[in-house]
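Novice: Okay, handing you the structure first.
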Amino acid sequence: MKPAPFSYADPDSLDEALAVLSAEGEGAKVLAGGQSLLPLLNMRLAAPTTLVDINRVPGLDQIEAGGSGVRVGALVRHAALLRSAEASAVQPLLARATANVAHPAIRNRGTTVGSIAHADPSGEMTAVLALTGGSVTVATPDGTSSVDWADLFLGPLETSVHGPAVVTSAFFPALAPRSGTAFAEVARRKGDYAVCGAGVMVTLDEDRRVASARVAYISVGLVPEVHDLTDAVVGRPVDAADWAAAGVMAQGLVDPDGDLHASADYRRLLVGALTARTLASAAAEAQERSA
Ligand SMILES: Cc1cc2nc3c(=O)[nH]c(=O)nc-3n(C[C@H](O)[C@H](O)[C@H](O)COP(=O)(O)OP(=O)(O)OC[C@H]3O[C@@H](n4cnc5c(N)ncnc54)[C@H](O)[C@@H]3O)c2cc1C
Numbered sequence: 025m026k027p028a029p030f031s032y033a034d035p036d037s038l039d040e041a042l043a044v045l046s047a048e049g050e051g052a053k054v055l056a057g058g059q060s061l062l063p064l065l066n067m068r069l070a071a072p073t074t075l076v077d078i079n080r081v082p083g084l085d086q087i088e089a090g091g092s093g094v095r096v097g098a099l100v101r102h103a104a105l106l107r108s109a110e111a112s113a114v115q116p117l118l119a120r121a122t123a124n125v126a127h128p129a130i131r132n133r134g135t136t137v138g139s140i141a142h143a144d145p146s147g148e149m150t151a152v153l154a155l156t157g158g159s160v161t162v163a164t165p166d167g168t169s170s171v172d173w174a175d176l177f178l179g180p181l182e183t184s185v186h187g188p189a190v191v192t193s194a195f196f197p198a199l200a201p202r203s204g205t206a207f208a209e210v211a212r213r214k215g216d217y218a219v220c221g222a223g224v225m226v227t228l229d230e231d232r233r234v235a236s237a238r239v240a241y242i243s244v245g246l247v248p249e250v251h252d253l254t255d256a257v258v259g260r261p262v263d264a265a266d267w268a269a270a271g272v273m274a275q276g277l278v279d280p281d282g283d284l285h286a287s288a289d290y291r292r293l294l295v296g297a298l299t300a301r302t303l304a305s306a307a308a309e310a311q312e313r314s315a
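The structure is reproduced here in structure tokens:
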């Protein structure tokens, strides 16, 4: 199918983009990589009156990796983030999760920030933003503000960013000392959206015992879900922690739906298995980083 008619603007500054979004009202949509929006248009699941293409806006394609975390500009492609050794060194979960986003052709064009703004509960980067305690910066005609992940995701494909607004960057805090991460998912075919996915973060105390274990899931709830599993493993040395027990604990905390791709029971089973596996791997990394 072809999209419904729309007008197109490709402003060359952020101010101009915001002015067009303001003038066009609710019918206008930001276009970044187009890897989610254009399929929706082609299937006529969305019919914006105007697309405001931000690809010519300067300054939005930067990755800034520093001591406190990684700031990813709105035009940074998934592939660029995946390749960034600086970003991986500061927050290794970024590359680990991005490697699971779609296929190389889509990663070459799709943006990390677009993925977050799209708020698909199956999107890997929404979970990474949540698990790392990240935030986004939003520009509107009235100024710029920061929106914490917990205030951002309202439901499937729905965020708290409304009206004339451009998400200019996403910020992912750095991995804490003595910590490790892992990401794993199950998809019907490599590159497909996950049937279930888990990103985890484990932190050890100074005696190299588990101090915290947290997990974020994709394709399990309507928004990215973060759960604290520390109680199942706290105080244990890495090789004596019962990661399977943490998986069982997680199964009691989630409430997945069944759909065409997987039943609710199968998703719950995957939650247990992926949680146990990724926690063990993240803990081993935390131990290595503590040495
Ligand atoms: C076959 C296929 C498989 C895929 N598999 C996966 C997968 O496994 N995991 C995954 O996470 N994604 C997957 N995707 C989606 C892909 O990752 C997209 O790149 C991403 O979801 C959206 O980024 P984009 O830059 O393409 O955004 P666009 O398609 O341009 O926009 C998506 C939405 O976000 C809004 N938006 C985008 N950028 C901004 C901004 N800066 N400010 C405000 N609003 C903005 C748009 O208005 C639109 O509503 C897949 C896509 C395809 C076609």
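Letter by letter, the sequence shown follows residues 25 to 315 in the working numbering.
We treat Cβ as the ideally placed atom computed from N, Cα and C, and that holds for glycine.
Just so you know, these numbers come straight off a predicted model, no measurement behind them.
Run through DSSP, which three-state label would Gly215 get?
Specialist: coil
Novice: Where Thr164 and Ala308 are concerned, what is the direct C-alpha to C-alpha distance, given to the nearest angstrom?
Specialist: 43 Å
Novice: If Leu294 sits next to Val226, beta carbons under 8 Å apart, how far is it from one beta carbon to the other, in whole angstroms?
Specialist: That pair is no contact at about 20 Å.
Novice: So, with DSSP's three-state summary, where would you put Ala123?
Specialist: coil
Novice: Check Gly140 in the structure and name its three-state DSSP category.
Specialist: The identity of residue 140 in the sequence shown is Ile, whereas the question assumes Gly. The answer is helix: DSSP assigns Ile140 an H, G or I state.
Novice: Could you tell me whether the Cβ atoms of Glu182 and Ala143 are closer together than 8 Å?
Specialist: For Glu182 and Ala143, yes; Cβs fall inside 8 Å.
Novice: Quick one: complete alpha helix (DSSP H) runs, 4+ long, within the stretch 216-267?
Specialist: 254-257
Novice: Which residues in the same chain as Asp85 place their Cβ atom closer than 7 Å to its Cβ, once the five residues preceding and following it in sequence are excluded?
Specialist: Same-chain partners within the cutoff: Gly97, Leu99, Val100.
Novice: By the DSSP assignment, the beta strand (DSSP E) with Ala297 in it spans what residues?
Specialist: Not the beta strand (DSSP E): Ala297 falls in the alpha helix (DSSP H), residues 288-314.
Novice: Can you tell me where the beta strand (DSSP E) with Pro165 in it begins and where it stops?
Specialist: Note, Pro165: premise wrong, no beta strand (DSSP E); not H, not E.
Novice: Can Pro27 and Arg68 be called in contact, C-beta distance under 8 Å?
Specialist: It is a contact, given that the beta carbons lie within the stated cut-off.
Novice: Please determine, among Val171, Arg313, Leu65, the residue with the shortest C-alpha to C-alpha distance to Asp229.
Specialist: The shortest C-alpha separation from Asp229 is found at Arg313.
Novice: Roughly how many whole angstroms lie between the Cα atoms of Ala47 and Val114?
Specialist: 40 Å
Novice: If we count the other Cβ atoms within 10 Å of its Cβ and call it buried at 16 or more, is Pro180 buried or exposed?
Specialist: It is exposed - the Cβ of Pro180 has fewer than 16 other Cβ atoms within 10 Å.
Novice: On the criterion of 16 or more Cβ atoms from any shown chain inside 10 Å, does Thr168 qualify as buried, or is it exposed?
Specialist: exposed
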